[in-house]
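Number of protein chains: 2
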Amino acid sequence: MTQSPRYTPLVQSLPATVPFVGPETAERASGHHFTARLGANENTFGPSPRAIAAMAAAAQDVWMYGDPENHDLRGALAAHHGVTPDHIVVGEGIDGLLGYLVRLVVEPGDAVVTSDGAYPTFNFHVAGFGGLLHKEPYIGNHEDPEALLARAAEVQPKLLYVANPDNPMGSHHPGTVIADMAARLPEGVLMVLDEAYIDLAPPGTEARIDADDPRVIRFRTFSKGYGMAGLRVGYAIAAPGLVSAFNKVRNHFGMGRIAQAGALAALADQDWLAHVRNEVATSRDRLTVIAHDNGLTPLPSATNFVTIDCGANGDFARAVVRELAARGIFIRMPFVAPHDRCIRVSCGPAALMDKFAAALPKALAAARG
Amino acid sequence: MTQSPRYTPLVQSLPATVPFVGPETAERASGHHFTARLGANENTFGPSPRAIAAMAAAAQDVWMYGDPENHDLRGALAAHHGVTPDHIVVGEGIDGLLGYLVRLVVEPGDAVVTSDGAYPTFNFHVAGFGGLLHKEPYIGNHEDPEALLARAAEVQPKLLYVANPDNPMGSHHPGTVIADMAARLPEGVLMVLDEAYIDLAPPGTEARIDADDPRVIRFRTFSKGYGMAGLRVGYAIAAPGLVSAFNKVRNHFGMGRIAQAGALAALADQDWLAHVRNEVATSRDRLTVIAHDNGLTPLPSATNFVTIDCGANGDFARAVVRELAARGIFIRMPFVAPHDRCIRVSCGPAALMDKFAAALPKALAAARG
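Chains as they are written, first to last, in UniProt numbering: chain A, 1 to 369; chain B, 1 to 369.
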């Protein structure tokens with residue numbers, strides 16, 4: 001009998017492994033309960049109390065579908081960014097939007113350029129639509145604009161991915177460097193500018209790019225600075241032609257009622273975002289001190305995490321991650337060498353930092369032992 | 001200069017029109033405020049109070065990503081249905097899951113069979129991946145199992161879509177008819193059994209199909225009986241091989257924290273579902289009376305809406321929809337002839353039924369005038 005279902009050849013070629021291990025999965029697998037959840041770059045300072053109230057109120061109305069046009073939220077985002085609602089598409093986190101974007105442009109065999117060790121979910125989508133990833137090494141701890149542009153000139157990719165600030169290294173380029181990249185893109189290359197962490201970056205990190213420029217789409221999220229990773233609201237700013245192309249493929253009713261209400265309230269509370277920014281800065285300083293106290297090298301961070309060079313190889317860093325997990329501390333680390341000499345620790349309130357500070361020396365000793 | 005971005009040829013061929021007009025869009029376009037929202041088959045009786053409380057509580061924790069494995073929810077659903085968690089995939093509403101399924105199997109040019117006038121979002125996804133839709137007419141007000149099977153034998157589709165109960169007609173087949181269809185599927189055809197409304201259908205509507213049968217995938221939702229359309233939680237029951245194939249393409253962190261918590265609490269409150277079932281039955285009876293009072297013909301319904309034959313053509317029914325909207329009553333109607341002789345009205349509490357009953361005679365008069 002014919003195999004049912006008859007998957008596409010592309011799907012048959014995709015790996016069956018699941019690269020996305022959540023902290024709950026790690027807890028179940030290890031039997032350890034995490035008392036400090038510092039691995040997913042979640043914002044442990046939480047969302048605006050006004051957003052929490054708005055979500056709780058919206059729960060009463062959740063029998064209604066959310067507005068498929070995301071009218072009010074797009075309007076508020078447009079006002080916030082000084083663009084029109086036609087420049088804004090809202091979707092199920094940056095992850096969901098990246099999936100739609102790749103689907104819009106990538107066919108099997110199409111070239112895509114990114115950095116080796118950059119955001120794996122983007123790579124997941126590219127592979128999932130049959131694109132061919134060309135990965136450029138970082139230059140030190142930074143994505144390498146010149147190398148990315150040179151590779152783009154060589155392989156004429158449909159997409160060129162760059163994150164600013166970068167995950168997993170926490171580094172950033174001044175906005176002028178990114179704007180210069182955009183100006184020098186080869187013809188027909190769309191720059192995917194992932195600004196998930198921009199709300200936590202130093203002044204000047206945001207690139208000045210005309211929202212009508214058809215060569216760039218920039219992605220933002222309510223998951224990081226706004227502290228609502230579990231709400232799943234991201235958005236992109238792009239030229240209206242590209243924004244409307246998303247309507248050809250997106251899940252039109254995909255943004256729920258609570259999600260839209262929470263995002264709208266969070267956006268309106270910029271004081272809370274400023275508060276979070278301060279708390280994150282304090283926590284970054286604390287993580288820097290903790291790293292130094294343990295003879296490790298913290299990297300400068302423009303995000304809500306600090307990447308810490310453990311001074312050895314990937315096996316050692318993996319052992320540190322494992323030993324921290326055994327002590328109830330959930331962190332993660334970069335996937336590829338040479339970055340996998342590092343661990344990556346999310347910011348958090350003092351009590352969480354205390355737990356990390358207490359566990360790290362023991363974890364390091366165990367990893368060395 | 002080369003056009004940027006370079007869309008795929010398939011995407012270029014897709015229509016730019018947006019077929020998904022939400023009630024908010026209709027309100028904005030018409031300037032009418034809807035005082036009765038009876039067009040989207042939302043459950044106006046609302047979700048379980050326990051689910052509302054769970055969602056409000058989860059709003060506090062929304063800084064955390066939801067578990068990408070949906071472990072607890074899949075476990076509870078498995079227990080509820082007497083299957084294993086490996087038989088369950090959870091996703092962003094049935095809409096989102098249908099998109100993933102189509103992507104898994106449909107390549108440009110692949111045949112897909114459905115009924116003419118059945119769920120348009122399924123068609124949207126099939127067209128969006130380049131599939132060719134073969135549409136069989138309904139037989140009367142029912143999807144036509146024999147015709148669907150004959151067409152499947154002819155065109156060897158990758159997918160055969162059938163909804164039981166049906167939207168937009170509200171009709172249903174006994175579960176035995178659906179199980180018989182499944183047993184007689186041509187080789188290599190996957191039956192997409194959309195059971196969005198099953199929680200509101202009469203006993204015996206649910207088909208007995210082995211969850212390990214690789215020829216069938218059945219879709220369920222928290223949007224209808226459970227009253228949480230704006231939460232975006234659907235799931236599918238299928239053989240483990242097919243369930244795990246979703247992991248190759250799905251948005252792994254797509255199910256948010258509030259969504260998982262709300263669905264879990266709703267599932268645990270089966271008393272509330274029974275309450276809703278009673279309320280819906282009462283409202284169906286009321287809509288039947290209202291239709292008769294106005295000289296119209298209500299169709300029997302196995303859902304939370306009643307489709308009402310207005311006894312004329314599509315132009316007349318469209319006028320009725322328009323005239324009701326002008327009076328603050330939002331309803332919808334089937335898209336295609338001959339079903340577009342009908343209007344479709346969602347069930348609701350007595351106060352909403354009163355509003356509909358008051359507005360309908362005037363709307364009919366205006367439509368006739």
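Built from N, CA and C at the ideal position, the CB exists for glycine as well. Note that this is a predicted model, so its numbers are computed, not measured.
is_contact[A:H71, chain B] using C-beta, thresh 9 angstroms: Under the Cβ criterion of 9 angstroms, A:H71 is counted among the residues facing chain B.
Alpha-carbon spacing of B:N164 relative to A:A29, whole angstroms: Near 39 angstroms, if we compare the C-alpha coordinates of A:A29 and B:N164.
is_contact[residue 370 of chain A, chain B] using C-beta, thresh 9 angstroms: Any answer about residue 370 of chain A is impossible in this case: the structure gives chain A only from 1 up to 369.
Residues in the segment 100–111 of chain B having any Cβ partner in chain A nearer than 9 angstroms: L101, R103, L104, V105, V106, E107, D110
Minimum C-alpha distance to B:P186 - residue among B:R215, B:E206, B:R208: Comparing Cα-Cα distances from B:P186 to each of B:R215, B:E206, B:R208, the minimum goes to B:R215.
Check whether B:V112 and B:L77 have beta carbons under 9 angstroms apart: no
Any C-beta of chain B under 9 angstroms from that of A:A56: yes
Within 8 angstroms of chain B by C-beta, residues of the segment 269–301 of chain A in sequence order: So nothing in the stretch comes that close.
Contact residues within the segment 13–44 of chain A, judged by C-beta distance below 9 angstroms to chain B: L14, P15, A16, T17, V18, P19, F20, V21, G22, P23, E24, T25, R28, R37, A40, E42, N43, T44
Contact test: B:M181 Cβ vs the ligand FMN heavy atom, cutoff 8 angstroms: The ligand FMN is absent from the structure shown, which contains no ligands of any kind.
Three-state secondary structure assigned by DSSP to A:R332: strand
Short CB-CB distance (under 9 angstroms) between B:I258 and chain A: yes
B:D67 burial status per 10 Å Cβ neighbour count (16 or more: buried): Burial check for B:D67: the Cβ neighbour count within 10 Å reaches 16 or more, so the residue is buried.
B:P120 (DSSP reduced to helix, strand or coil): helix
Beta-carbon separation (whole angstroms), A:M191 vs A:M181, contact threshold 8 angstroms: 7 angstroms
Residue of B:A56, B:V126, B:T8, B:A236 minimising C-alpha distance to residue 370 of chain A: What is shown of chain A runs 1 to 369, which leaves residue 370 of chain A out entirely.
Cβ pair count under 8 angstroms reaching 3, the segment 336–346 of chain B against the segment 13–26 of chain B: no
At least 3 beta-carbon pairs within less than 8 angstroms: the segment 131–145 of chain A vs the segment 112–121 of chain A: Verdict: yes, contact present.
Cutoff 9 angstroms: A:T221 Cβ touching any chain B Cβ: no
Where A:V112 sits in the DSSP three-state scheme: strand
Cα-Cα separation between A:L98 and A:L148, rounded to whole angstroms: 19 angstroms
Cβ of B:L364 within 9 angstroms of any chain A Cβ: no
Strand pairing of B:D309, partner residues [DSSP]: B:T297, B:C342
Opposing strand residues paired with B:V155 [DSSP bridges]: None, per the DSSP bridge assignment.
Cα-Cα separation, B:V243 to A:S13: 17 angstroms
Top-ranked residue by Cα proximity to A:F253, from B:V233, B:L267, B:A152, B:A238: B:V233
is_contact[B:A349, chain A] using C-beta, thresh 9 angstroms: One point to set straight first is that residue 349 of chain B is Pro, not Ala, in the sequence displayed. For B:P349, the answer is no, since every Cβ of chain A falls outside 9 angstroms of its Cβ.
Closest Cα partner of B:C218 within the set B:Y226, B:A153, B:I178: Correcting the residue identity first, residue 218 of chain B is Arg in this sequence and not Cys. With distances taken between Cα atoms, B:R218 lies closest to B:I178.
Expected contact under 8 angstroms - CB spacing of B:T303 and B:L200 to nearest Å: A Cβ-Cβ separation of about 6 angstroms places B:T303 in contact with B:L200 under the 8 angstroms criterion.
Chain A contacts made by the segment 327–353 of chain B, where a contact means CB separation under 9 angstroms: none
Option nearest A:D344 by Cα separation, candidates A:E42, A:V155, A:V126, A:G140: The residue you asked about is not Asp; residue 344 of chain A is Arg in the sequence shown. For the residues A:E42, A:V155, A:V126, A:G140, the minimum Cα distance to A:R344 belongs to A:E42.
Residues that A:M191 bridges to, as DSSP identifies them: A:L160, A:V216
Close-in-space but distant-in-sequence residues of the same chain around A:A367 (CB under 7 angstroms, 5 per side omitted): F316, A319, V320, E323
Ranges of the beta strand (DSSP E) found wholly within the segment 55–118 of chain A, counting only runs of at least 3: 88–91, 111–115
Within-9 angstroms CB hit, B:K355 to chain A: no
8 angstroms Cβ shell around A:A152 - same chain, five flanking residues per side excluded: V113, L160, L185, P186, V189
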